[in-house]
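Protein chains in written order, with the working numbering: chain A, 41 to 231; chain B, 680 to 697.
These notes concern the structure reproduced below.
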Amino acid sequence: SVSGVPQPYIKHPLQNMWTLWYYENDRNKNWEENQREVTSFDTVEDFWSLFHHIKQASELKQGCDYSLFKKGILPMWEDDANKRGGRWLINLEKKHRGHDLNNYWLEVLLCLIGEAFDDYHEDVCGAVVNIRAKGDKIGIWTSDALKSQSVVEIGRKIKTRLNINPNMPIGYQIHKDTMAKSGSVTKNTYT
Amino acid sequence: GTRIVYERAFLLQLRNSP
C-alpha cells in the first residue's frame, strides 16, 4: 500500500451468487434425496477455495454429477427457471475423461462465474457435469428455448471458450424433449 | 445497469490468492 500500512484483502465479488450441487446415485433414495446442495459462494476467492477443496470431476464415481446453478435455481427441469429451457450438451468420449473433462468443466465454471455470455447472461441458469460409464456429458442450461438468438450466441461462446473444433457440432436439447423421449436419443433443436 | 465481468486470465490469476 502507498502509506506502508497493510490493507485488508478484499475479495472480488461475483455478479451472481452460485450454488454447487452434488448428485450421488443411491438406489435406496429418490432423485431429490440424492441431489445435495453443497454450498454457495459469491466471490472469486470463495469459488477457488471450494474448487480446490472438492474432487475433480474425473475423480467422481460413475453416476455422479456436479451442478453449478445461480442461487435459487434448482438443478432440475421442473424449476421455474429451467422448465421452458434446455441445454447445450457436450458429449465426451470415454478416453477423454481426465484431462479434457476437467479442463472443459473448469472452463464452463469460469464462463458462468465470470459472466462470459455478455448480453445473454440473464438467460443462463447453470451447468451440469454427468459422470457416466457410457460417456461423460457437460450441459449448459438456459432458461428459454424460444429465445433463439440468445441460445445460439451462448452456444457459440461455449464452442469458442472450450476450443471445440468449428467442424464439430454441439446440440441444444429442450428439457421437455429430454423428458418425453422414448428412446435414448433426444432431438437437437439447435446445433 | 452494470455487470461484473471477469476475464478468464484474471480468474486464473486469483487461483492461488491467499
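We treat Cβ as the ideally placed atom computed from N, Cα and C, and that holds for glycine.
Note that the structure is predicted; figures quoted are calculated from it, not measured.
In this structure, ASP176 (chain A) lies near ALA97 (chain A), with their beta-carbon atoms less than 9 Å apart. With a threshold of 9 Å between beta carbons, ILE153 (chain A) makes contact with chain B. Contact check for TRP117 (chain A) and MET219 (chain A): beta-carbon distance about 6 Å, within the 8 Å limit, so the pair qualifies. For the C-beta of TRP88 (chain A), the chain B residues within less than 9 Å are, from N- to C-terminus, LEU690, LEU693, ARG694, ASN695 and SER696. The three-state reading of DSSP puts VAL169 (chain A) in strand, counting E and B together. The criterion of a C-beta distance shorter than 9 Å is satisfied by LEU149 (chain A) and LEU108 (chain A). DSSP places THR231 (chain A) in the coil class of the three-state scheme, outside both helix and strand.
If you check the CB distance, TYR160 (chain A) and SER190 (chain A) come in under 9 Å. Residues of the same chain with a CB within less than 8 Å of the CB of THR83 (chain A), apart from the 5 flanking positions on each side, are LYS51, HIS52, PRO53 and LEU54 in chain order. Residues of the segment 179-211 of chain A with a C-beta atom less than 8 Å from some C-beta of chain B are ARG201, listed in chain order.
At a beta-carbon threshold of 8 Å, the residues of chain B lying near PRO53 (chain A) are ILE683, ordered along the chain. Contact annotation, PRO115 (chain A) with TRP61 (chain A): C-beta distance approximately 5 Å; criterion of less than 8 Å satisfied.
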